[in-house]
Amino acid sequence: MTVHEALARLMAGSPWADIATGYFALSGYALLADALEGLRELRLLFGESRVADEVARDLRRERYRAALQVRVERLLAFLQRPPVDGKEAVQIRRYSEGGNGPGFFHAKAYIVQGAAVVGSSNFTSNGLTSNTELNAVHRDIPIVNDFSAWYERMWHAPQAVDCKEELIATLRRSQFGDFPYSPHEIYIKTLYEYFKDDLDKEAALDPTRSVVELATFQHEAFQKAQRILRRYHGVMIADSVGLGKTYIGKKLLELFAYYQRQRALIICPAQLREMWQRQIEESRIAARIIGMEELGRADYPVSQHSDAEFVLVDESHNFRNPQAQRYQNLSRILASGEPKRVALLTATPINNSLWDLYHQIALWTRGNDGYFREAGIRSLRQYFKEAEGLSGAGGALFNLLEEVVIRRTRAFIQEHYGEVTINDQPLRFPKRAPLQTLRYNLGDAYNGLFGQITSAIEELELPAYNPESYLITPAASDKLRAMTNGGIVGLLKTTLLKRFESSVVAFRRSIHRLRDFEAQFLAQLRMGRLLHSGAHRRILRLEEDDDPVGLDAMLASLEPIDPARYHVATIEAHVAHDLHLLDAIIARIDPLGPDADTKLQAFLAELRTLAEAKIVIFSYYRDTAHYLAAQIAADPDLAGRQVAVLSSDIPPRERQRLIERFAPLSNKARPTVDPANEINLLIATDVLSEGQNLQDADRLINYDLHWNPTRMIQRNGRIDRLGNPHPLIQIANIFPADDLEVLLRLVERIQTRLHAINETIGLDASVLGELVTPRTFNTLRELAAGDDSSLIYWGQVSELAGNELMRQQLLAYLRHYGEELVRDLPGGIHSSLRRGQRQGLFAYYRYKDRHFWRFYDTRNRYASDNRFEIHELIRASREEPRAEDWLDPPEAEQILELLAEDILTTLQEQRGTAALGETLDKVQRDLGQIVRAGWSAPGVERTQAQAVFAALRNPLPTAFIKDLRAIAARYQQEKDYGLLLAMLQKLFDEFQMADTPATALRPESEPLTRDDLELVCWMLIG
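See the structure below:
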């Protein structure tokens, strides 16, 4: 017979019981519940002074079970039984330390009327059931009376303190109790447990002396960036324009390059090199600086930077195209040598699609598609594919973004940080005046020829850009190339329309260049030479200001063709048709002068009203910028204004001097700039739109339409910045009045064709540049109406919703109420929240330092792990009432266990993948098999072959995959195993390829069980 069976029998014959025990557990009560509830009176004396804490700890260890909830409810009902004859039915005391008597006691005694059980059994499941316990049953009345007398002494000792209400409160507030936790308490507990470790780490960061002073919000970003870099080796700092990302980056450089003496590399646009040089010299930071344009050279010596340990990329959105040479070179740098820490700075990480963001993050994952498996992302590429096209894509990407992206908007900073100070000096954001729109008649600017010119542009055949479409018998590859070239033709027409809107001068130059090109192309065709498709990339630059091409040299390089393969007569006819159209356009636009340019005159009229203002003027095209400068200089009403043009043809050092003359205060150049030589009007192309501080100005005019709203955000950010001394700034856009919609529809029609080609075959982004998206047209229409809300929305980039809002919600709570309230909330507790449209159960589990949020939709029967979506569901104010639990405990238990099993499955899959290794590109697998198959052959250096094989087993970025494909192709031709090893060895040696893959996974070997998952809290949503 077990102890609990003996006690049950004894209690059945007694109206009362006195129990002394060292420990108490709910499991012990469950064994004797029926017998205890049959007593009229019960006294419990615990030897453990912290019995309530021990009970709470035991309950925290339990997974949620409906049966356990019923057990706790039963115990609570028993403890709160009404008095009997004026006496408490149940009394409980604990033996606390201190006083005049002994401290903790270990005695175990169960005394009833006429009997006593004394021995080693605590009031726990083990104590009452184990055969290893030793107990004696005493029925001798004198002995029983002696035990009763002892019990009375202990019960009334000074150390015996009533703890019944404490135990009741502990049980009620546990996950199995009936305490009505509010939705807000569950929400705050969720945030606290989620961010607690990060808050502790921030407080513990070493406060090294620094010459880089930051505002509070900037310092928090710096601290978060450190944590992300430690875990993932890469971070994107994507705060909105004007929030000081440069200083956060500079602080990271100080940490890694100055204090940790790591080799640092800065990559930035050429126009920012001087700025970064000044920044690092001011702080005595050692770092190499590379201009992006320089990095774009095919012959750039990439391997000389293999030893870099920390790499900062400013304006990283310029690395969104993986086909671009500069992207591939940067990818090689980051993949060579030991894994590097990478910080990307950009205010506009998404320009065209979510894939812009993907390609930037992929820079530091080094070809490892499973890099973020520990964050629940099995495949980075698949993760973006699933997010693509979803409304509110930021929600779909949230779990990744909060891992590696720091993103705050100006509105967010103003709301959550109040006044911004650095060195106790306040810095303010300027207020934005309502958006100003200057209107003109585009048709009048071209002497009423708007319709004729745009129709002529649409009619152009442009055969020089698509020779494959004229093949008599095209191969499949020719047909594919012809479709691609059709996209190029569409892009060229779009470019002509953009320059048409920009200015008469820019359009006139393009038409003349195109006419000259087609004429020379026709002459070459008649000499038996035809433009080949490989030159398209160079031809396209005929319309780009930043990289003019020598037309004669290019045409002279053409190879002879076989005229029998082409419809030469058709090509000649189409070229003649184009020349006729172009000659007609030229005849109409050449006579147009500045006086007839209604757009120019509207612009000059506005400048005349702003005699004292310092203004930044942006144009997309260099031709237009120089045209404006010349016309301002020729205007007698604007005499005395200092005007300068800043475009790509200005050397970087000269650019910096012009910037300092225009904005000496913002660039700390006031002592070196003569006020008499200060620039009032700065006309710039988008070479100035990134990274420069121009907040000496309080006005900005966008002279022509910009077809990329994120670029307009960059432009506006030159003056709309933290610390602008002007209380109010004004942004103005110049828009056609009546012809805007016609122009937009025309461009939209061409772009629709481009999108169709892109959907069919996938256009080469390095050739096509940026497609104009549908929302661009909507934004331009809204801007024309004076509505900049869409542009502000783009500036906030909803696709980049991060967890800063969640974090600030928690910090606001902690500032107001302190940490104790939320810290003392027990684990596993729940509440219910009325939401209306959604119905389900939210559960928050934890495994070590891993956090798992799940929402199970009970209507549609699916589980989501998207923390952005879940946060919006559980977010609750203090005023929101708790709803009734609409799900029975057994059903809730079933869902909680279902979610727990899903998490365990995910963890096991991650471990399995880590053990098996990452998925490799086919060429790596093929070369690996060849190397392995040949290393036993006579004369082969086996050690070398095995080292090459090991390097091939690691994921590699696409830049190196291309190298491997070239090596594989040569091996297939020559079948020389020694040459293969030599080529592979040279590649890996040149770039010091690490023998460990880039991964954020941490290997674990201990077995994983259901009990390893801790239920932090949960909530019913209905």
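Quick note on my numbering: the sequence shown kicks off at 992 and runs consecutively.
Backbone N, C-alpha and C fix where the C-beta goes; we use that ideal spot for every residue, glycine too.
*Please find out if some non-hydrogen atom of the ligand FMN comes closer than 8 Å to the beta-carbon of Phe1441.*
Among the components modelled here there is no ligand, and therefore nothing to report on the ligand FMN.
*Considering only residues of the same chain and omitting the five flanking positions on each side of Asn1091, which have a CB-CB separation below 8 Å?*
For Asn1091, the pLDDT reaches just 45, beneath the cut-off of 50, and the residue's location in the model is therefore unreliable, leaving the point undetermined.
_Segment limits, alpha helix (DSSP H) that includes Asp1917_ = Its alpha helix (DSSP H) spans residues 1913-1925.
*Fully enclosed by the stretch 1073-1120, which alpha helix (DSSP H) runs are 4 residues long or longer?*
Entirely contained in the stretch 1073-1120, the alpha helix (DSSP H) runs reaching 4 residues are, in chain order, 1116-1120.
*Near Leu1619, what residues of its chain come up, given a Cβ to Cβ distance below 6 Å and the 5 sequence neighbours on each side ignored?*
Closer than 6 Å at the Cβ level, and outside the excluded window around Leu1619, lie Ile1674.
_What does the alpha-carbon distance come out to for the pair Arg1858 and Ile1397?_
One C-alpha to the other measures close to 16 Å.
*asked:* Considering Cα atoms alone, identify which of Gln1683, Val1395, Ile1177 is closest to Ala1212.
replied: That would be Val1395, whose Cα lies nearest to the Cα of Ala1212.
*asked:* Please identify the residue among Thr1676, Val1678, Leu1656 whose C-alpha is closest to the C-alpha of Glu1669.
replied: Among Thr1676, Val1678, Leu1656, the Cα nearest to that of Glu1669 belongs to Leu1656.
*Residue of Pro1929, Asp1695, Lys1422, Arg2001 minimising C-alpha distance to Arg1613*: Comparing Cα-Cα distances from Arg1613 to each of Pro1929, Asp1695, Lys1422, Arg2001, the minimum goes to Asp1695.
_Reduced DSSP category for Glu1245 - H, G, I as helix; E, B as strand; rest coil_ = DSSP, read as helix, strand or coil, puts Glu1245 in helix.
*asked:* Whole angstroms are fine: how far does the CA of Gly1013 sit from the CA of Asn1113?
replied: Going from the Cα of Asn1113 to the Cα of Gly1013 covers about 6 Å.
*Take the Cβ of Val1293 as the centre, count every other Cβ of all protein chains shown within 10 Å, and call the residue buried at 16 or more, exposed below.*
So Val1293 ends up on the buried side.
*When the Cβ atoms of the stretch 1489-1503 are set against those of the stretch 1461-1478, are three or more pairs found closer than 8 Å?*
Contact check between the stretch 1489-1503 and the stretch 1461-1478: fewer than three CB pairs, one atom from each, fall below 8 Å, which does not count as touching.
*Quick one, are the C-beta atoms of Leu1719 and Val1607 less than 9 Å apart?*
No, they are not a contact pair.
*Terminal residues of the continuous beta strand (DSSP E) containing Ile1280?*
For Ile1280, the enclosing beta strand (DSSP E) begins and ends at 1279-1282.
*Expressed to the nearest angstrom, what Euclidean distance is found between the alpha-carbon atoms of Asn1707 and Phe1420?*
Answer to the nearest angstrom: the Cα atoms are 13 Å apart.
*Report yes if the CB atom of Pro1313 is closer than 9 Å to the CB atom of Met1283, and no otherwise.*
The Cβ-Cβ distance between Pro1313 and Met1283 does not fall below 9 Å.
*Rounded to whole angstroms, what's the CA-CA distance from Leu998 to Leu1033? Just pull it up for me.*
Using only the alpha carbons, I get a separation of about 13 Å.
*Can you grab the Cα-Cα spacing for the pair Asp1856 / Arg1845, in whole Å?*
C-alpha separation (whole angstroms): 5 Å.
*Go to Ser1822, then tell me how far its alpha helix (DSSP H) extends in each direction, as first and last residue.*
That residue, Ser1822, is in no alpha helix (DSSP H); its beta strand (DSSP E) goes 1820-1824.
*Taking just the CA atoms, how far does Tyr1836 sit from Ala1047?*
Going by the C-alpha atoms only, they are around 18 Å apart.
_Please classify Ala1068 as buried or exposed, where buried requires at least 16 neighbouring CB atoms within 10 angstroms._
Per the 10 Å Cβ criterion, exposed.
_Backbone CA spacing between Gln1107 and Thr1115 [nearest angstrom]_ = With the sequence shown as reference, residue 1107 is identified as Ala, and Gln is not the correct amino acid for it. Approximately 18 Å between the Cα atoms of the pair.
_Please list the terminal residues of the continuous beta strand (DSSP E) segment that includes Trp2009._
Where Trp2009 is concerned, the enclosing beta strand (DSSP E) starts and stops at 2005-2012.
*Count the other C-beta atoms from every protein chain shown that fall within 10 angstroms of the C-beta of Ile1368, then say buried if there are 16 or more, exposed otherwise.*
Buried is the call here.
*Would you decide whether Tyr1249 is buried or exposed? Buried here means 16 or more other CB atoms lie within 10 Å of its CB.*
By the 10 Å Cβ count, Tyr1249 comes out buried.
*Along the chain, where does the beta strand (DSSP E) that runs through Val1304 open and close?*
For Val1304, the enclosing beta strand (DSSP E) begins and ends at 1301-1305.
*In the structure shown, what three-state DSSP assignment does His1568 receive?*
Three-state result, His1568: helix.
*Status (buried if at least 16 other CB within 10 Å, exposed otherwise) for Gly1004*: The residue is exposed, with fewer than 16 neighbouring Cβ atoms inside 10 Å.
*Would you mind listing the beta strand (DSSP E) stretches within the stretch 1850-1902 that are 3+ residues and don't spill past its ends, in chain order?*
Qualifying beta strand (DSSP E) stretches, in chain order: 1853-1855.
*Would you identify the three-state DSSP class for Ala1635, choosing helix, strand or coil?*
The answer is strand: DSSP assigns Ala1635 an E or B state.
*Spatial distance of Pro1174 from Asn1343 (CA atoms)*: C-alpha separation (whole angstroms): 39 Å.
*Check each candidate in Leu1205, Thr1475, Glu996, Leu1805 and name the one with the smallest Cα separation from Leu1182.*
Ranking Leu1205, Thr1475, Glu996, Leu1805 by Cα distance to Leu1182 puts Leu1805 first.
_Just to confirm the assignment, what range does the beta strand (DSSP E) spanning Glu1681 have?_
Element bounds for Glu1681: n/a, residue is neither H nor E.
*Beta-carbon proximity list for His1296, same chain, < 6 Å, skipping 5 on both sides*: So the qualifying residues of the chain are Leu1256, Ile1324.
_Burial state of Asp1298 (16 or more Cβ within 10 Å)_ = Under this definition Asp1298 is an exposed residue.
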